[in-house]
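A.B. asks: Residue 333 in our numbering sits at position 22 of the sequence shown, with consecutive numbering throughout.
From the three backbone atoms N, C-alpha and C, an ideal C-beta is built for every residue, glycine too.
The structure that follows is given in the form of structure tokens.
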Amino acid sequence: MADTSHEAQRRRDGTSIVVAPAPRIPVLAFGMSLGAFLTVTYTLCVGFDLLFPGQAMYQTWLRLLPGFTWLTWPSFLLGLAESFAYGWYVALIFGTLFNLFSRWWKR
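Take a look at the structure:
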């Protein structure tokens, strides 16, 4: 019985070889997951900075997030949006390149 999710090839002796398709990253799911991960991480870091001001990382946020200032509601929401956007940026570039290269090397 043939497996429809794999391509079957034949050796010279007639036995079948199952060739798995190239792995792919679903960019939409990857983008949503990575964006959500970075917004959760950003929120936890801001909370940590508020709980432990002596160990604060907010100076790092000032350099990484354009327009971010410490700490107002509009600035916090801007940081959330930018963190989510950074996740999508990585997903679009990395996911697309991974899918392209995995297809090339599978040939």
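1. Go to Q370, then tell me how far its alpha helix (DSSP H) extends in each direction, as first and last residue.
2. Under 8 Å Cβ to Cβ from C356, same chain only, skipping five residues before and after it: list those, please.
3. Using CA coordinates, which residue listed in Y397, S327, L388 is at the minimum distance from L349?
4. If you drop the 5 nearest sequence neighbours on each side, which residues of the same chain put their C-beta closer than 8 Å to that of H317?
5. Thinking C-beta only, is G390 closer than 8 Å to L376?
6. Going by DSSP, name the residue or residues bridged to E401.
7. On the DSSP letters alone, give me the boundaries of the alpha helix (DSSP H) that T352 sits inside.
8. Can you say whether G378 is buried or exposed, counting buried as having 16 or more other CB atoms within 10 angstroms of its CB?
9. Please report the distance separating the alpha-carbon of T380 from that of K417.
C.D. replies: The structure says:
1. 369 to 375
2. M368, W372
3. Y397
4. Legend: pLDDT at H317 = 48, less than 50; position of this residue unreliable, no value from coordinates given.
5. yes
6. In the sequence as presented, Glu is not what sits at residue 401; that position holds Val. Per DSSP, none; premise fails for V401.
7. 338 to 362
8. exposed
9. 47 Å
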